[in-house]
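Chains as they are written, first to last, in the numbering used here: chain A, 1 to 311; chain B, 312 to 622; chain C, 623 to 933.
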């Protein structure tokens, strides 16, 4: 396999073995990610970090991963700074940039853009989010965080809370969880924002247990992990519906205490807004900042895999 | 003291001893800052240079300081590229970014933002200007420049010229000068743009001599250093007042020669506009470009202090 | 000669000897540019990559060149992030930035801006395009690509196709080709977009053979190299003229096959639009992506020349 074939486009590229290998490498990367150990694994290498829509968090996380391994990062943010403004195709853009970098991270608003880029590029392309499509490294770091927080992913019961219809993150996460044994998924959302049939069918086909749970408190009592996502008011036809419904999916200290689950592990892809109250931050299981930080070792592990090196 | 407590938020953190230590370290940093010597002091370290409002000069100066010490710099410019657009708090933003970098430089338009960021971050935060608040590294480099140009700060007579009311720079500078012995401050401004009472009270309390001087030529005769700042027309109610008054605070060669002080040291925080004429540039005491360049060794010295290393 | 005098502003700075030296150095840089060999030639050095108008391609190419040599790159994109918004002169800006970097690459929309910047800076300035002025490194990489593709530049017959009036690239290229022996230039453009008299006069004065060729197929039959550029519809008074005329300057597979020249070398400064069809990409002589990639070793060679080092 040539290095240009090592693109990371979809979670469906990963099976259990690949995940275990990446997670083991990520564990080794942790002290380097924290700056406690240094690495020259990618010394002399250049990453083109191409963000055609804003995402400071994802951009900085990829950048930090590449830099911590000793590499150098060239950043382009915003559609307006691209020759694509002048009408160049994405294919031509990445083919040219293939001559300026050893790998490309692409964030782009169009579905399928990452796969198109990977086909045109002569260096590996990592999908940093392709609009309504996938954001595979987010799903990888989510599962990696469950593994680090709970010590396992097998047999985990996870409640997916909030907007399960439009939330790209929960789709990829649900798919990736099917690689593990005896996982149970609780779906907690307004009916209008329910998990798409396509994802449900995938879970069924791979034999993963799931059930819809109407009450957030009830789900909190049942789950090992709460994975909270944001509900956007604009998803509802009737604004008064929005306010009322969104209020029933807010994770705060009072809700968690009423479920008697101060020990529960809480994840969130961030940024959060009103959906996850700051009074939860001091709970021991409030793991969302650790989750964000896990993005660095996971992305380092992917780069190690791509460039066939150790951290 | 943990490294996260090493944030640089205000000039009031510095006493005479701290200043002398930083200035001595900055002197050692000068050849490295000029690229004559190389340093690997911060090899493997990452700086997040977060500029939520434009300031090319300050941003590049911090970036150069970190790079000259062997570190790597991740830059974010402009509010529009931040998850804060989506409603994330500054606290969440810096807490997440704490996992991607070893230190954060923050330029932000809101008063008090740097202190809030430092409280939330788990890595040191350096204030790169918090709106009408402080810009401590500018004041440090200003005093450092006086020391380098005149060989001392004690017993210096400095005229602060221009907009003393809204000019953040002169407030921080005046405060920092109180750490030195027998400093004398001349205040040269339109009455409507006079130094705020609060700063005057601070000078009185710390026993620093000051006086208002009505004539720029007169002040130029008396001072060792002219510190020139810009008067903005929009500060005046009456535009015709503006033009007339601003004209009396322009530093040019004719003014300096009429004061018979071609030897005077001239500083300016830059950028300049009409307030400081290019015909002054060739005077031996025209030190404002050297002053700008002194930002690099001063910021290197702060990073050495934060990371407890030598240049 | 001091290093600050080593600015690269115009193709007219280069004679045959200088070109041969740079091309030989670029050849040595190729494996480093591709990441097959690493270099620490510019370790510790900082490049300020100042792009006051968007040009992702040129910016990343300069950045990659400097990074591949071990240096570090500080990027500023867009006029809005500059103190120039506040009214600072270009001269003051580059004089200040001279203290933050070891070299400056400047892309700026104003004719003559690069020369003005070089006069004010105390470090070398490389012209990355000054509006309607020059883009010397593009011309260097164009000629370098001819040399690599054909093994020589002497005795080459090159057809310049498209907008020869406003296309900055073809003006610089034509001038640079006069350094070589027995070059023949075919000019293929709509009459309204013909090569300016000034450039024609320069060719005559330097004894370079040129002729206007009305038919693209005819020129393709005659030439060793087709150098294709874009015709912009807005250059024509009458939009219906535009569509008709532009159609006669499109390079596609059918045109090349009708000229029986599937072996011809095809160059394009990129980005392309409708002017060069993707069905040409698989021809062995479709060299435009290699041409883009040659920008890295050529710019590395210029940096080696400026800093007097080996790759």
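Heads up, the beta-carbon is just placed ideally off N, CA and C, and yes, glycines get one too.
Predicted, not measured: the structure shown is a model, and the values here were computed from it.
Worksheet entry | Residues within the segment 652-678 of chain C neighbouring chain B, beta-carbon criterion of under 8 Å | Cβ contacts with chain B come from 665, 666, 667, 668 and 670.
Discussion item. In the DSSP assignment, the beta strand (DSSP E) including residue 108 of chain A goes from what residue to what residue?
Written reply: For residue 108 of chain A, the enclosing beta strand (DSSP E) has its first and last residue at 103-108.
Practice prompt. Using the Cα positions of residue 621 of chain B and residue 338 of chain B, report the straight-line distance between them to the nearest angstrom.
Written response: Each residue's Cα considered, the two are about 12 Å apart.
Worksheet item: For the segment 537-547 of chain B against the segment 501-511 of chain B, are there 3 or more C-beta pairs whose distance is under 8 Å?
Response: Touching, yes.
Worksheet item: Excluding five sequence neighbours on each side, which residues of the same chain lie with their C-beta closer than 8 Å to the C-beta of residue 638 of chain C?
Response: Same-chain partners within the cutoff: 801 and 802.
Worksheet entry | Straight-line Cα distance separating residue 784 of chain C from residue 849 of chain C | Spanning the two alpha carbons is a distance of roughly 9 Å.
Discussion item. Output needed in chain order: residues of the segment 414-428 of chain B with a Cβ under 8 Å from some Cβ in chain A.
Written reply: So the list is empty, because no residue satisfies the distance condition.
Fill in: Interface partners of residue 151 of chain A on chain B, CB under 8 Å
Scanning chain B for C-beta atoms nearer than 8 Å to the C-beta of residue 151 of chain A yields nothing, as the closest lies near 21 Å away.
Item to complete: Please name the residue or residues paired with residue 383 of chain B in a DSSP beta bridge.
Response: Residue pairing for residue 383 of chain B: DSSP places it in a beta bridge opposite B:357.
Worksheet item: By the criterion of Cβ-Cβ separation under 8 Å, what are the contact partners of residue 412 of chain B in chain A?
Response: Within 8 Å Cβ-Cβ: 60 and 64.
Item to complete: May I ask you to report which of helix, strand or coil DSSP gives residue 513 of chain B?
Response: Under the three-state reduction of DSSP output, residue 513 of chain B falls in the helix class.
Worksheet entry | 6 Å Cβ shell around residue 388 of chain B - same chain, five flanking residues per side excluded | Excluding its 5 nearest sequence neighbours in each direction, residue 388 of chain B has C-beta neighbours in its own chain below 6 Å: 362, listed in chain order.
Worksheet item: Taking Cβ positions only, does residue 909 of chain C come closer than 7 Å to chain A?
Response: Using a CB distance cut-off of 7 Å, residue 909 of chain C does not count as an interface residue toward chain A.
Item to complete: Please list the partners that residue 718 of chain C has in chain B, where partner means a Cβ-to-Cβ separation under 7 Å.
Response: Those are 368, 581, 600 and 603, listed as they occur along chain B.
Worksheet item: Unbroken beta strand (DSSP E) runs of length 3 or more, entirely within the segment 238-286 of chain A: which are they?
Response: Counting only runs of 3 or more, we get 265-267.
Worksheet item: Of the residues C:683, C:867, C:694 and C:645, which one's Cα is nearest the Cα of residue 43 of chain A?
Response: Out of C:683, C:867, C:694 and C:645, C:694 has the C-alpha closest to the C-alpha of residue 43 of chain A.
Worksheet item: So, using beta-carbon positions, are residue 120 of chain A and residue 91 of chain A closer together than 7 Å?
Response: Contact check for residue 120 of chain A against residue 91 of chain A passes: the beta carbons are separated by less than 7 Å.
Practice prompt. Report yes or no: is there a C-beta of chain B within less than 7 Å of the C-beta of residue 81 of chain A?
Written response: Its pLDDT being 48, under 50, residue 81 of chain A is placed unreliably by the model, and the measurement read from it follows with that caveat. Residue 81 of chain A does not count as touching chain B.
Worksheet entry | Residue range of the beta strand (DSSP E) that includes residue 833 of chain C | Where residue 833 of chain C is concerned, the enclosing beta strand (DSSP E) stretches over 831-834.
Fill in: Extent of the continuous alpha helix (DSSP H) to which residue 306 of chain A belongs
Start and end: 288-307.
Worksheet item: Name the chain B residues whose beta carbon is nearer than 8 Å to that of residue 714 of chain C?
Response: Those are 581, 582 and 583, listed as they occur along chain B.
Practice prompt. Going by DSSP, name the residue or residues bridged to residue 496 of chain B.
Written response: Partner(s): B:469 and B:521.
Worksheet item: Going by alpha carbons, who is nearest to residue 453 of chain B out of B:618, B:614 and B:608?
Response: When each option's Cα is compared against that of residue 453 of chain B, the closest is B:608.
Fill in: Beta-carbon spacing of residue 11 of chain A, residue 176 of chain A below 7 Å
Yes. Within cutoff.
Fill in: Within 7 Å of chain C by C-beta, residues of the segment 477-498 of chain B in sequence order
If the cut-off is 7 Å between Cβ atoms, the segment 477-498 of chain B has nothing near chain C.
Discussion item. Would residue 752 of chain C and residue 735 of chain C be called neighbours here (beta carbons separated by less than 7 Å)?
Written reply: Going by beta carbons, residue 752 of chain C and residue 735 of chain C fall inside the 7 Å limit.
Worksheet item: Are the beta-carbon atoms belonging to residue 807 of chain C and residue 768 of chain C less than 7 Å from one another?
Response: In this structure, residue 807 of chain C sits away from residue 768 of chain C, with a CB-CB distance that is not shorter than 7 Å.
Discussion item. Pull the bridge partners of residue 226 of chain A from the DSSP assignment, please.
Written reply: Beta-bridge annotation (DSSP): residue 226 of chain A is paired with A:159 and A:266.
Worksheet item: With 16 other CB atoms within 10 Å as the buried threshold, where does residue 61 of chain A fall?
Response: Buried.
Worksheet item: Per DSSP, residue 623 of chain B forms a beta bridge with which residues?
Response: Within the shown structure, residues of chain B are numbered from 312 to 622, placing residue 623 of chain B beyond reach of any answer.
Worksheet item: If we cut at 7 Å on Cβ distances, does residue 932 of chain C have a partner in chain B?
Response: No, no contact with chain B.
Worksheet item: Where residue 81 of chain A and residue 375 of chain B are concerned, what is the direct C-alpha to C-alpha distance, given to the nearest angstrom?
Response: Since pLDDT at residue 81 of chain A reaches only 48, below the 50 mark, its modelled position is unreliable, and the value read off the structure follows with that caveat. Roughly 24 Å separates the two Cα atoms.
Discussion item. Checking 7 Å against the spacing of the C-beta atoms, do residue 853 of chain C and residue 868 of chain C come in under that value?
Written reply: Contact: yes.
Worksheet item: Hey, how far is the Cα of residue 592 of chain B from the Cα of residue 612 of chain B?
Response: Between the alpha carbons of residue 592 of chain B and residue 612 of chain B lies a distance of about 28 Å.
Worksheet item: In whole angstroms, what is the alpha-carbon distance linking residue 284 of chain A and residue 269 of chain A?
Response: Distance between the alpha carbons of residue 284 of chain A and residue 269 of chain A: 18 Å.
Fill in: N- and C-terminal bounds of the beta strand (DSSP E) containing residue 126 of chain A
Start and end: 125-130.
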